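Okay, structure first, notes after.
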Amino acid sequence: MIARRAVLLAAPALLLSGCKVFDRLPRDGALRNTFEAANGLSYRAQRLLGGGRSMAPEYARADVTQPMRPNGTVDPPDADYQALRAGGFADWRLTVSGLVERPLSLSLAELRAMPARTQITRLDCVEGWSVIAEWTGVQLRRVLDLARPTAEARFVVFRCMDTREVGLAGAVKYWESHDLVDATHPQTILAWGLNGEDLPVANGAPLRLRVERALGYKMAKYLGGIELVATLDGPGSYWAERGYDWYAGI
Amino acid sequence: MSSTGARGPLVYRQRLLTRVTHWAWAVSLFFLLLSGLQIFMAYPELSLGRQSGFAYDNSVLEIGARQGPDGALVGVTDLFGWEIATTGLLGASGGEARAFPSWATIPSYRDLATGRVVHFFFAWALFFTLLLWVVASLLNGHLRELIPTGRDLRALPGDVLDHARLRFHHARRYNVLQKLSYAGVLFVLFPLIFLTGLSMSPSLNATAPWLLDVFGGRQTARTIHFLVMVLLVLFFVVHVLMIVLAGPLNELRSIVTGWYRIDPEGDAPDDPREAQP
Numbered sequence: 001m002i003a004r005r006a007v008l009l010a011a012p013a014l015l016l017s018g019c020k021v022f023d024r025l026p027r028d029g030a031l032r033n034t035f036e037a038a039n040g041l042s043y044r045a046q047r048l049l050g051g052g053r054s055m056a057p058e059y060a061r062a063d064v065t066q067p068m069r070p071n072g073t074v075d076p077p078d079a080d081y082q083a084l085r086a087g088g089f090a091d092w093r094l095t096v097s098g099l100v101e102r103p104l105s106l107s108l109a110e111l112r113a114m115p116a117r118t119q120i121t122r123l124d125c126v127e128g129w130s131v132i133a134e135w136t137g138v139q140l141r142r143v144l145d146l147a148r149p150t151a152e153a154r155f156v157v158f159r160c161m162d163t164r165e166v167g168l169a170g171a172v173k174y175w176e177s178h179d180l181v182d183a184t185h186p187q188t189i190l191a192w193g194l195n196g197e198d199l200p201v202a203n204g205a206p207l208r209l210r211v212e213r214a215l216g217y218k219m220a221k222y223l224g225g226i227e228l229v230a231t232l233d234g235p236g237s238y239w240a241e242r243g244y245d246w247y248a249g250i
Numbered sequence: 251m252s253s254t255g256a257r258g259p260l261v262y263r264q265r266l267l268t269r270v271t272h273w274a275w276a277v278s279l280f281f282l283l284l285s286g287l288q289i290f291m292a293y294p295e296l297s298l299g300r301q302s303g304f305a306y307d308n309s310v311l312e313i314g315a316r317q318g319p320d321g322a323l324v325g326v327t328d329l330f331g332w333e334i335a336t337t338g339l340l341g342a343s344g345g346e347a348r349a350f351p352s353w354a355t356i357p358s359y360r361d362l363a364t365g366r367v368v369h370f371f372f373a374w375a376l377f378f379t380l381l382l383w384v385v386a387s388l389l390n391g392h393l394r395e396l397i398p399t400g401r402d403l404r405a406l407p408g409d410v411l412d413h414a415r416l417r418f419h420h421a422r423r424y425n426v427l428q429k430l431s432y433a434g435v436l437f438v439l440f441p442l443i444f445l446t447g448l449s450m451s452p453s454l455n456a457t458a459p460w461l462l463d464v465f466g467g468r469q470t471a472r473t474i475h476f477l478v479m480v481l482l483v484l485f486f487v488v489h490v491l492m493i494v495l496a497g498p499l500n501e502l503r504s505i506v507t508g509w510y511r512i513d514p515e516g517d518a519p520d521d522p523r524e525a526q527p
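Chains as they are written, first to last, in the working numbering: chain U, 1 to 250; chain B, 251 to 527.
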């Protein structure tokens, strides 16, 4: 009873003092970790409801009403990337490594020669906006089938070529990871085409990931390497290291 | 506001579960609102349809800032193409371009990641509270107390008039305006804000694509989510106003301890419970 009265008295005081009192949610703090536990609940609930193979809505050609809005890195500052770009990505390779029986190094031409999937889907940015576009690429599971992940492999890590910031430990490049359920989903593609044309640099050329049941930041651009691992180092992605939900299904 | 000045009896009006769930969702909604405004700041625009128009304009609300003639930031809110200067509140506040002022968001500074963490934590808190409330209220009969009866509806014009004249009756049971507003929040606004929130999830779009069709696309769902928030804030303002006008100590006591002092004459003479001492 006393506690409840205290809440009653404290609530207006909190309102009056502004919301700076709620600013103390440092990363890895006890309160932050408690709140973040709800992300795990969301992940399990979404997997329980959707299962592994629920399909994201696909739209009609008429729904592509505007160019795809690029976000995040739109022109990687990296010299090695710019050199590959100058050569039309002829020297670019996608490496597949880690817990695989057969490590791969695939050229863009080889990836484009594989069976392609075209899908008109909606990208939802974590910021709140959505844009519908047509994406063409090879299903990730076809590439994984070639590399043959070992039984220990649980996650697929995506290494990107774009440097996001330069810290004390050197350049920090974008990276992302997915579990095998999303990695082997039929709509998960390594896209090289956008709206009927080659993938533009602003949207992640030469190759980017599309994972249709997740928010935009899960779809890594400027792919350089794929690595199969048993466990994730830390939070598991560039944005997860910065406080964003790793699964990002909502 | 009893005219007689006599004190009626104290009655036990609110069950423990009703009181606990009331405060649990009051706290949850407080955090959901302020973290929701933080999330909205990342893209302070509402539009209709499946996608956001960047090559065309399908927005209904846009909160932005621009440089004024003297170099100072001017907050501008564009509602259906109607521009309103809202400096200090919307668009620009504290010398910063931000949709909502720092006192209205959690955290006070721009931090989408933390806003989302707080929002989804309290979304789950609200969900479990409502689940507990629905199950318990079905079992203990509280749910029925919120459904207006035929007699309630016939009393509606008179009740509206009484409220307009600030003549409040303190009865054992909710009056018809209370029933309608509480039922509206619990059975219409809460389900709507949950379903529109879930409609924004790309994962749940795959599970239940029909939900997007019900609301007319993800961006329309986002707009409805925002609109329901505004209605809930409006409800809150009226709710608190009514408490203040109807006797704040008695009203607060009933939702804290459960005990409520009713008017001496009683509200419904033919209610068998009224006959008890």
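We put the CB at the ideal spot given by N, CA and C, even for glycine. None of these values were measured; they are calculated from a predicted model.
- When C-beta distances to chain B are compared with 8 angstroms, the residues of the stretch 197-218 of chain U below that value are Glu-212, Arg-213, Ala-214, Leu-215, in chain order.
- Boundaries cannot be given for U/Lys-218, as no alpha helix (DSSP H) includes it and DSSP labels it neither H nor E.
- Unbroken beta strand (DSSP E) stretches of 3 residues or longer found wholly inside the stretch 92-128 of chain U: 93-98, 104-107, 116-124, given in chain order.
- U/Gln-187 carries a coil assignment under DSSP once its states are collapsed to helix, strand and coil.
- Taking a contact as a CB-CB distance under 8 angstroms, the pair B/Leu-436 and B/His-413 does not count as one, their CB atoms being some 20 angstroms apart.
- The continuous beta strand (DSSP E) containing U/Glu-165 extends over residues 155-167.
- One Cα belongs to B/Ser-352, the other to B/Thr-364, and the distance between them is close to 14 angstroms.
- Around the beta carbon of B/Ile-313, a 10 Å sphere encloses 16 or more other beta carbons of the protein chains shown; the residue is thus reported as buried.
- Per DSSP, the unbroken alpha helix (DSSP H) holding B/Val-483 starts and ends at 468-496.
- Using beta-carbon distances, B/Asp-307 does not count as an interface residue toward chain U, since no partner is under 9 angstroms.
- Residue environment analysis places U/Asn-203 among the buried positions, since at least 16 neighbouring C-beta atoms fall within 10 angstroms of its C-beta.
- Beyond the five residues adjoining it in sequence on each side, U/Arg-148 comes within less than 8 angstroms, by CB distance, of Val-100, Glu-101, Arg-102 in the same chain, given in chain order.
- The DSSP-derived three-state label of B/His-272 is helix.
- For U/Phe-158, the closest of U/Leu-41, U/Arg-32, U/Met-219 by C-alpha to C-alpha distance is U/Met-219.
- For U/Asp-23, the closest Cβ of chain B is nearer than 9 angstroms.
- Around the CB of U/Arg-53, fewer than 16 other CB atoms lie within 10 Å, so the residue is classed as exposed.
- In the structure shown, B/Asp-463 adopts helical secondary structure according to DSSP, grouped into three states.
- The stretch 242-249 of chain U makes no contact with the stretch 165-174 of chain U; the number of CB pairs closer than 8 angstroms stays below 3.
- When the five nearest sequence neighbours on each side are left out, the beta carbons in the same chain lying within less than 7 angstroms of the beta carbon of U/Val-201 are those of Asp-75, Arg-85, in order along the chain.
- Interface flag for B/Leu-462 against chain U is set, since a Cβ pair is found closer than 9 angstroms.
- A distance below 8 angstroms between beta-carbons, with the five flanking residues on each side excluded, links B/Leu-462 to the following residues of its chain, in chain order: Arg-300, Ser-449, Asn-455, Arg-468, Ala-471.
- Between the beta-carbon of U/Trp-175 and that of U/Tyr-247 there is about 16 angstroms, and that puts the pair past the 8 angstroms contact cut.
- In the displayed model, B/His-420 falls within coil according to three-state DSSP, outside both helix and strand.
- Taking the Cα of B/Met-479 as reference, the smallest distance to any Cα among B/Ala-458, B/Gly-447, B/Gly-508 is reached at B/Gly-447.
- Between U/Arg-213 and B/Ser-453, the beta carbon gap of about 5 angstroms places them in contact (Cβ cut-off 8 angstroms).
- As the crow flies, the alpha-carbon of U/Pro-57 is around 9 angstroms from that of U/Ile-120.
- The C-beta distance from U/Thr-73 to U/Asp-179 rounds to 24 angstroms, too long to fall under 8 angstroms, and the pair is not in contact.
- With its beta carbon less than 9 angstroms from one in chain U, B/Asp-361 belongs to the interface.
- Within the same chain, Cβ atoms closer than 6 angstroms to the Cβ of U/Gly-98 are found at Glu-227, Leu-228, Val-229, the five residues on either side in sequence being excluded.
- Scanning chain U for C-beta atoms nearer than 8 angstroms to the C-beta of B/Trp-509 yields nothing, as the closest lies near 12 angstroms away.
- Taking 3 residues as the minimum length, the beta strand (DSSP E) runs contained wholly in the stretch 309-336 of chain B are 309-317, 323-329, 332-335, in order along the chain.
- For the 9 angstroms CB-CB criterion, B/Ser-278 and B/Thr-379 form a contact.
- Within chain U, no C-beta atom comes less than 9 angstroms from the C-beta of B/Met-492; the nearest is roughly 17 angstroms away.
- It is roughly 44 angstroms from the alpha-carbon of B/Ser-343 to the alpha-carbon of B/Arg-263.
- For B/Leu-499, the closest Cβ of chain U is not nearer than 9 angstroms.
- Shown here, B/Gln-301 sits in coil according to DSSP, grouped into three states, outside any helix or strand.
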